[in-house]
Structure formats: structure tokens, C-alpha cells
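There are 2 protein chains.
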Amino acid sequence: MRYVIAVAEAGGFEAAAERLHMTQPPLSRQIRELERELGVTLFHRRPTRLTEAGREFVESARQVLADAEQVVERTRRAAGVDHGAVRVGYTVTTAFDEMPKMFAAMGARHPGIRIEAREGWDAELTAAVAAGELDVLLGRHLGVPPEFQTTVLRTEDFVVVVGAGHRLAGREAVSLRELRGETLRFFPRRFAPHYHDAVLGAVRGTGAEFDVWENPLPGLRNLNVSLRDSGFMVLPRSLGRQLPSGIAYLTITDEMPPIELRLSWQRNPSPAVTTLIRTARRLARREGWSVS
Amino acid sequence: MRYVIAVAEAGGFEAAAERLHMTQPPLSRQIRELERELGVTLFHRRPTRLTEAGREFVESARQVLADAEQVVERTRRAAGVDHGAVRVGYTVTTAFDEMPKMFAAMGARHPGIRIEAREGWDAELTAAVAAGELDVLLGRHLGVPPEFQTTVLRTEDFVVVVGAGHRLAGREAVSLRELRGETLRFFPRRFAPHYHDAVLGAVRGTGAEFDVWENPLPGLRNLNVSLRDSGFMVLPRSLGRQLPSGIAYLTITDEMPPIELRLSWQRNPSPAVTTLIRTARRLARREGWSVS
DNA sequence: CGACTGGCATACCCGAAAGGTATACCGCCG
DNA sequence: CGGCGGTATACCTTTCGGGTATGCCAGTCG
Chain A
1 MRYVIAVAEA GGFEAAAERL HMTQPPLSRQ IRELERELGV TLFHRRPTRL
51 TEAGREFVES ARQVLADAEQ VVERTRRAAG VDHGAVRVGY TVTTAFDEMP
101 KMFAAMGARH PGIRIEAREG WDAELTAAVA AGELDVLLGR HLGVPPEFQT
151 TVLRTEDFVV VVGAGHRLAG REAVSLRELR GETLRFFPRR FAPHYHDAVL
201 GAVRGTGAEF DVWENPLPGL RNLNVSLRDS GFMVLPRSLG RQLPSGIAYL
251 TITDEMPPIE LRLSWQRNPS PAVTTLIRTA RRLARREGWS VS
Chain B
1 MRYVIAVAEA GGFEAAAERL HMTQPPLSRQ IRELERELGV TLFHRRPTRL
51 TEAGREFVES ARQVLADAEQ VVERTRRAAG VDHGAVRVGY TVTTAFDEMP
101 KMFAAMGARH PGIRIEAREG WDAELTAAVA AGELDVLLGR HLGVPPEFQT
151 TVLRTEDFVV VVGAGHRLAG REAVSLRELR GETLRFFPRR FAPHYHDAVL
201 GAVRGTGAEF DVWENPLPGL RNLNVSLRDS GFMVLPRSLG RQLPSGIAYL
251 TITDEMPPIE LRLSWQRNPS PAVTTLIRTA RRLARREGWS VS
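So the protein sequences, as listed, match chains A and B. Heads up: the first sequence at position 78 corresponds to 78 in the UniProt record's numbering, and the numbers run straight through without jumps. Heads up: the second sequence at position 279 corresponds to 279 in the UniProt record's numbering, and the numbers run straight through without jumps.
Encoded structure:
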């Protein structure tokens with residue numbers, strides 16, 4: 001049902017496949033098998049248009065899927081799981097994409113659970129956890145206390161970020177070797193030592209060596225300033241996409257270990273915390289984070 | 001969802017598994033994984049009872065499943081597939097179990113399709129097909145015109161049927177060799193030559209030989225008369241179960257080829273005919289006919 | 001008018017998940 | 001306290017959903 005709706009909304013198989021985070025052939029097959037089982041043609045092909053029966057199907061199917069969602073919510077409510085509060089600490093690398101989406105997902109599916117979110121650098125979050133002020137941590141290569149359990153929400157590669165005036169700004173992909181002699185811009189290590197080490201370790205693993213110039217101002221918001229004239233940064237791909245205009249990001253052709261976004265929580269989590277964990281996992285599947 | 005409802009209705013995992021035509025362990029696992037995903041316990045175990053949340057789940061899930069059924073019906077209706085008529089010829093071996101169930105399934109899911117059913121022996125049905133009076137044939141080892149297409153709806157083994165006073169009537173299983181010297185009762189070959197040959201061929205394939213006494217009256221309705229004193233019959237298992245009281249049926253321990261129930265139709269079937277074929281296949285899956 | 005391109009279909013492969021078999025465990029009853 | 005009904009656990013098999021490579025066809029443009 002989701003597939004038919006996606007094809008109808010996207011106006012074609014290829015576009016729908018992308019939206020569903022899958023490829024076109026299995027999608028075509030699933031639709032065709034459904035058509036065989038129903039004995040009814042849902043789409044005219046070439047161009048892809050809904051048939052009369054297809055319109056009917058999409059309309060009813062939307063209702064059924066919505067109701068199915070309701071089932072789990074009502075059940076959770078009946079079990080008394082849908083209340084309480086979660087205190088989340090997150091890093092700046094999640095502040096543009098993942099954290100807002102998770103916040104939205106929790107609000108939509110579990111309005112009864114209150115979320116207290118606090119952005120901070122590695123040391124601040126660690127201190128807050130030690131003080132018992134946080135239940136959950138969300139970040140990339142955060143320092144996490146050993147008594148916490150962890151799951152990976154997203155795995156992705158790095159991209160190179162340069163200013164729009166850079167000589168490579170028009171390229172799709174580069175090797176790090178092409179950047180020899182340039183300066184790698186980074187925030188000071190003390191703000192997020194594990195992440196800092198992970199990125200530089202990954203870069204050095206390719207055999208490349210760079211001068212690292214540590215911008216005294218941490219944060220990603222003033223990139224166009226620091227990259228105006230020269231130098232480059234190395235960031236997870238999803239962050240590269242979120243940057244303001246005047247900035248270009250390039251795929252790296254060298255072999256590099258991927259970077260992981262992790263969710264951590266202390267043992268014996270409250271029902272509200274487990275609900276947040278489940279919701280985050282669902283979100284990751286829906287958004288295709290395990291893949292890209 | 002179907003699984004949870006089945007467990008709730010059956011009052012236990014084992015009984016529910018039987019109703020679903022599967023075994024208990026995978027059912028238990030599925031339920032447990034659903035409970036994990038929901039973060040909610042649906043059943044108290046030992047004894048198996050619904051929790052409060054479980055009741056909520058069952059209630060909502062019933063509605064969703066019913067609506068999902070509706071989706072396919074509305075779609076078929078919109079495609080204009082749900083009208084027309086099918087003329088079905090069937091043999092007496094299907095008259096107790098399969099044919100009534102198929103009739104009921106068609107009435108429930110496709111009330112717009114009219115069914116004309118005609119019971120008859122092999123030769124009568126063949127003649128009716130030749131005269132263009134039938135669209136579909138349902139039977140066990142019927143003679144089917146070569147231009148018909150065929151699918152297998154059910155595969156099962158044979159049982160031995162004896163009168164209640166027979167010396168073996170209390171037994172669970174027998175070898176055909178234990179019946180040496182007794183008379184195999186059968187209807188005259190001319191009524192259904194292919195079926196007759198299939199059964200006797202299967203029996204002789206075990207190495208056993210019997211006197212065959214052909215009851216001049218065909219039909220299964222007067223069995224208790226013909227089996228009152230002595231003799232036995234060999235029938236497909238599902239027919240053995242349907243017999244009147246005063247009759248016992250026994251599993252055969254010898255190796256014998258199974259007997260198939262087949263559905264046949266002429267090429268280029270009308271939409272109504274393909275609908276009936278699909279419905280029959282669904283029915284066969286639901287009833288577990290491919291297995292038993 | 002034919003070569004090109006975009007988009008769906010076809011063929012084949014692989015891994016995850018569903019179902020089956022064998023068996024252990026556990027509460028209940030005699 | 002031992003047998004029994006019924007659920008859980010361990011392990012294997014099969015099925016199906018998804019991926020990659022490639023074919024095919026309609027519409028378009030040189």
C-alpha cells in the first residue's frame with residue numbers, strides 16, 4: 001500500500017523508489033505482483049498515471065495506513081507508556097538535521113512525552129550526565145560514560161567543504177591528495193576530542209597530511225567567513241548538505257572509514273526513554289540513515 | 001495483527017497456531033517481537049490472557065484488518081471486475097467440503113458474481129464442457145479437455161474407511177497388507193474412470209492386491225449400508241473426515257502417491273472466472289490445503 | 001528519419017526474516 | 001514428586017524483498 005501511494009504521489013516509479021529509499025526494479029515488481037493478485041491494473045505505464053481503480057485504491061489505502069498507525073499509539077497509551085519526560089543532550093553536528101527531526105517525530109507520535117533538549121560540547125554534556133541531568137545523548141563520536149548503552153542511528157561518509165571561490169568548487173568529487181598544501185580548518189580539539197580525533201584519524205588514514213588551523217571560534221554557523229579565501233573542512237555528508245549558500249561540498253574519492261551518529265542512554269531506561277529510542281530507530285529507517 | 005487476534009480468540013498460543021496453520025514456536029516469536037517493538041506486553045503468559053493494552057490492540061487491529069479487506073473489494077469494484085457469471089461443474093468428492101466453502105467465499109467477497117453450479121460424474125461434466133455449458137471444472141482426477149488450464153488446490157493422502165463394527169475400527173493407522181483377503185468397495189469405473197484408475201493404481205503401487213467389488217449405486221451417501229458387514233474403502237483424507245457416524249477412517253502407513261484436487265478453466269477466461277480462480281487459491285491458502 | 005535519452009521491465013543474485021523441527025523449561029495437577 | 005500441558009529456546013530451511021546489470025521502448029531532437 002505504501003508503495004502504490006508513493007508511486008501515485010511521486011508521479012513515477014523511479015521518483016517513488018527514491019522517496020522510499022530503494023531502487024526502481026523491486027518497486028516495479030511489487031506493484032505488478034499486487035496488480036496480479038488484485039486482478040486489476042492500478043497504473044497506466046508510460047506515462048505513469050493512476051487508473052480509476054488505482055485512485056480508489058490509493059484513497060482507501062491512505063485511510064488504512066493511518067488507522068494502522070493509530071493502533072500502536074492507542075495501545076501504547078493504554079499501556080500507560082506515553083507520558084513522562086526525557087532529557088536529551090546533543091551536539092552541534094546533530095542540530096541541523098537529526099535532532100529537529102527526532103523532536104518532530106516525538107511530538108507527532110508521543111505528544112504525552114516531554115522533551116528537554118540541551119545543546120553542548122563534549123565536556124559540557126559529559127559533566128551534565130555525571131550530574132544526573134541527562135537521560136540520553138545524541139552525537140557523533142561523543143565521549144560516553146561506560147555504563148551507557150549505545151546504538152548507531154546513521155552511518156555516512158565525509159565530504160570536503162570549500163568556499164564558493166575555491167578552485168575546486170565546481171567539482172563533484174576530489175581526492176584528498178589534490179588538496180595538498182592547503183589548510184584544514186577545524187574547531188579546537190578540546191571542544192570535542194573524540195570527534196576531532198576520529199576525523200583527523202580518518203583523514204590521515206588516507207595517507208594525506210595537512211596543516212590544521214584551529215579556528216578559535218567553535219561552531220558551524222560562521223563557515224563562510226572562515227572559508228572565504230582559502231582552506232577547506234572535512235564534515236559528515238549530511239552536514240555538508242545543510243550549509244549556507246556560498247559553500248560547496250565535494251565527495252571524497254579516497255577510502256575512509258565512515259562516521260557514525262550514535263544514541264546513548266543509561267541502563268534501566270524509563271518507559272519514556274525506551275519510547276524515544278524506538279522512535280529514533282523508526283525515524284532512522286524511514287529516512288534511510290542506515291544506508292546513506 | 002492477525003496473529004495477536006488469533007491468540008486472543010483461541011485463548012492460547014498452541015491453539016492459535018493450529019488455527020493459523022502454522023506451528024507454535026514461530027508464532028510465539030512473532031508476538032514477542034511485536035511486544036518488543038511496541039514496548040508493551042500484550043499477553044500475560046501461563047495462563048495466556050490479554051492485558052489491558054492487549055485488549056485495546058485487538059479491538060483496533062480488527063478494525064484495520066477489516067478495512068484492509070475493504071480496500072481490495074472497493075478497488076475491484078472500481079475496476080468493474082465484480083460482476084458476470086461463472087458456470088462451475090464439480091464432482092461428488094468436492095460436494096462436502098471444498099465446493100461449499102468456495103461458494104461461500106465467493107458470496108462473501110464477490111457478491112456481484114453469479115455462480116451456477118452443477119454436480120455430475122466425469123462423463124456428464126465432459127459433455128457439458130463440450131457443449132459450452134461450463135466455464136470451470138472442480139474435481140479430483142477429472143478428465144479435462146486439453147485446451148483447459150489447471151491448477152492444484154489441494155494435495156492430500158488416502159485413508160482407509162471401514163464400518164464401525166470392523167475388527168480394525170479402533171485403530172489409528174493400518175498397512176494395506178493387514179486388509180488382505182477383504183473386499184475393496186468402489187463405485188463402477190465408468191462413472192469416473194480417471195479417478196478410479198488413480199486410486200486403484202495408488203493402491204496397487206503398494207504391492208497389495210484386492211478383490212474389487214463395484215457397488216452398482218454410485219455416491220457416498222449410503223456408505224454405512226455397503227460397509228455394514230465387511231469390506232473397506234479407500235478415500236482422500238478430507239472425505240474420510242466428512243463421513244456419517246458409524247464409519248471409521250484410518251491413516252495408511254504404506255507409501256502412496258497423494259491425490260490432488262484440481263481446478264481447471266478454458267483459456268482466455270472472463271474477469272469473473274479469474275476472480276473465482278484467485279478466490280479459490282486464497283481459500284486454499286487460508287485453509288492450509290497445500291499442506292494437509 | 002534515425003540515433004539518443006529517460007524511464008519501466010527483465011534476469012539473476014544475495015541476505016534477512018518467517019516458518020519448521022527438536023527439545024528444554026515450568027507451573028499445575030494428581 | 002512425577003507426569004503433563006503448554007510456552008520458550010536453539011537451530012535449520014525456505015521464502016521473499018531488495019540490489020545490480022541490462023534490455024527494451026516511446027518520445028524527442030538533430
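Just so it is clear, CB atoms sit at the ideal spot from N, CA and C, and this is done for glycine as well.
Checklist line | Contact set between residue 76(B) and chain A, taken where Cβ atoms lie within less than 8 Å | finding: 38, 39, 40, 53
Next item on the list: Compute the Euclidean distance between the alpha carbons of residue 294(A) and residue 136(A), then round it to the nearest angstrom.
Entry: For residue 294(A) there is no data in the structure shown, the boundaries of chain A being 1 and 292.
Check: Taking 9 Å as the CB-CB limit, is residue 60(A) close to chain B?
Finding: yes
Next item on the list: Could you tell me which chain A residues have their CB closer than 7 Å to the CB of residue 72(B), listed as they occur along the chain?
Entry: 38
Check: With a CB to CB cut of under 6 Å and the five nearest residues on each side skipped, what residues in its chain are close to residue 171(A)?
Finding: 250
Note to self: For chain A, check one thing: does any of its Cβ atoms lie closer than 9 Å to the Cβ of residue 1(B)?
What the structure shows: yes
Note to self: Less than 6 Å between C-beta atoms, sequence neighbours within five positions excluded: which residues of the same chain meet that for residue 143(B)?
What the structure shows: 122, 126, 194
Next item on the list: Compute the Euclidean distance between the alpha carbons of residue 204(B) and residue 190(B), then round it to the nearest angstrom.
Entry: 19 Å
Next item on the list: Find the nearest neighbour of residue 78(A) within the set 36(A), 112(A), 159(A), judged by alpha-carbon distance.
Entry: 112(A)
Margin query: Using 9 Å as the threshold, is the C-beta distance between residue 148(B) and residue 235(B) below it?
Written below: no
Next item on the list: Give a yes or no on whether the minimum CB-CB distance between residue 49(B) and chain A is below 9 Å.
Entry: no
Check: For a contact meaning CB atoms closer than 7 Å, what does residue 57(B) contact in chain A?
Finding: 71, 75
Notebook entry, point to check: Between residue 40(A) and the rest of its own chain, which residues show a CB-CB distance below 6 Å, the 5 nearest in sequence each way excluded?
Noted result: 53
Note to self: Just to make sure I have the definition right: I need the residues of chain B whose C-beta is within less than 8 Å of the C-beta of residue 63(A). Which are they?
What the structure shows: 67
Checklist line | Paired residues, beta bridge with residue 247(A) - DSSP | finding: 163(A)
Notebook entry, point to check: What does residue 275(B) touch in chain A if you count any residue whose Cβ is under 8 Å from its own?
Noted result: 39
Item checked: With 16 other Cβ atoms within 10 Å as the buried cut-off, status of residue 66(B) -> exposed
Note to self: Measuring only from the beta carbon, is residue 125(B) closer than 8 Å to any heavy atom that is part of the ligand COA?
What the structure shows: Ligands are entirely absent from the displayed structure, and the ligand COA is therefore not among its contents.
Next item on the list: Provide the residue span of the beta strand (DSSP E) that contains residue 185(A), from first to last.
Entry: 183–186
Next item on the list: Determine, using beta-carbon pairs with one atom in the segment 9–25 of chain A and one in the segment 31–40 of chain B, whether at least three such pairs fall under 8 Å.
Entry: no
Next item on the list: Kindly indicate which three-state DSSP category residue 75(A) falls into: helix, strand or coil?
Entry: helix
Note to self: Give me the residue from 282(B), 129(B), 110(B), 109(B) with the minimum Cα distance to residue 118(B).
What the structure shows: 129(B)
Check: Checking contacts by CB at 9 Å: is residue 271(A) closer than that to chain B?
Finding: yes
Note to self: Under 8 Å, with one C-beta from each stretch per pair, do the segment 42–50 of chain B and the segment 4–20 of chain B reach the 3-pair mark?
What the structure shows: yes
Notebook entry, point to check: Which term fits residue 140(B), buried or exposed, when burial requires 16 or more other beta carbons within 10 angstroms of its beta carbon?
Noted result: buried
Check: At which residues does the alpha helix (DSSP H) containing residue 13(B) begin and terminate?
Finding: 13–19
Next item on the list: Spatial neighbours of residue 76(A) within its chain, please: CB distance less than 8 Å, with the 5 preceding and 5 following residues excluded, ordered by chain position.
Entry: 82, 110, 275
Note to self: Taking CB distances under 9 Å as the criterion, tell me whether residue 286(A) reaches chain B.
What the structure shows: no
Notebook entry, point to check: Who pairs with residue 150(B) in a beta bridge, going by DSSP?
Noted result: 264(B)
Check: Does the beta-carbon distance from residue 183(A) to residue 232(A) come in below 9 Å?
Finding: yes
Note to self: Between the alpha carbons of residue 162(A) and residue 48(A), how many angstroms are there, rounded?
What the structure shows: 40 Å
Notebook entry, point to check: Tell me the DSSP bridge mates of residue 336(A)?
Noted result: Nothing about residue 336(A) can be read from this structure; chain A reaches only from 1 to 292.
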